Amino acid sequence: MNAAAPSSKDPRREATEAMMDASRLMTAVVARTFRAVDESISVPQLRVLVMLRFRAPMNLSGIAEGLGVNSSNASRTCDKLVAAGLVTRVEDEADRRHVSLSLTEHGAQVVDAVMAERERILDSIVGQLSPAGQRRLAAGVKSFLAAATTAGLQPGAGGQNSLIPWLR
8 MNAAAPSSKD PRREATEAMM DASRLMTAVV ARTFRAVDES ISVPQLRVLV
58 MLRFRAPMNL SGIAEGLGVN SSNASRTCDK LVAAGLVTRV EDEADRRHVS
108 LSLTEHGAQV VDAVMAERER ILDSIVGQLS PAGQRRLAAG VKSFLAAATT
158 AGLQPGAGGQ NSLIPWLR
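The sequence shown begins at 8 in my numbering and counts up one residue at a time.
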């Protein structure tokens, strides 16, 4: 068995560089899958669709916070999605200022298609690893995500600990 030569780099630096490489790959995967979306949907609009797919119903304040924008920008973004038939907007009968947003069936299909394409691409890459390599990758990524959570950063969370506002 031919073991890899030991690295002279600091393990932390080596891991950070590997994560930066993985980050660039994930950005490329996201960009490729974004092409599968209707050209009339902007990146912020797709982000709203994804938020609603996994956290609906939401109000405009939640959308604005998730996007890291003010409520008027979030409202304009959502108005376009409503006009495109991707999102429904329901006003509370008791308080018309409260608006609840959810995906339409078509909106859910758009998000599901994008996510399925991302999963297909990632699966084709992971499939090139040996089963042992796949297990090591899964363990390493789970460990990395646990460390991020311990540091107070959660990729799917809303609010100040969310990674989503960093994606502006």
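We treat Cβ as the ideally placed atom computed from N, Cα and C, and that holds for glycine.
Here the structure is a predicted model, which means the values were calculated and not measured.
1) By how many angstroms is the C-alpha of S137 removed from the C-alpha of G166?
2) Taking only the alpha-carbon atoms, compute the straight-line gap between A120 and G134 and give it to the nearest angstrom.
3) Would you list the one or two residues that DSSP bridges to M65?
4) Would you kindly report the start and end of the unbroken beta strand (DSSP E) that includes V94?
5) With C-beta atoms as the reference, is L88 less than 9 angstroms away from V97?
6) Excluding the 5 residues preceding and the 5 following C85 in the sequence, name in chain order all residues of the same chain whose CB lies nearer than 8 angstroms to its CB.
On the basis of the supplied data:
1) As a working mapping, residue 166 is identified with position 159 in the sequence shown. As a working mapping, residue 137 is identified with position 130 in the sequence shown. Any reading at G166 must be qualified, since the residue scores a pLDDT of 46, below 50, and its modelled position is unreliable; no value is offered.
2) Walking along the sequence shown from the start, residue 120 turns up at place 113. Walking along the sequence shown from the start, residue 134 turns up at place 127. When rounded, the distance between both Cα atoms is 21 angstroms.
3) Walking along the sequence shown from the start, residue 65 turns up at place 58. Note: M65 sits in a beta bridge opposite L108.
4) By 1-based counting over the sequence shown, the position of residue 94 is 87. Run containing V94: 94-98, per the beta strand (DSSP E) assignment.
5) Here residue 88 refers to the residue found at position 81 of the sequence shown. Here residue 97 refers to the residue found at position 90 of the sequence shown. It is not a contact, given that the beta carbons lie outside the stated cut-off.
6) Start at 1 with the first residue of the sequence shown, and residue 85 comes out as number 78. Here the set comprises V55, L67, I70, V94, R96, L108.
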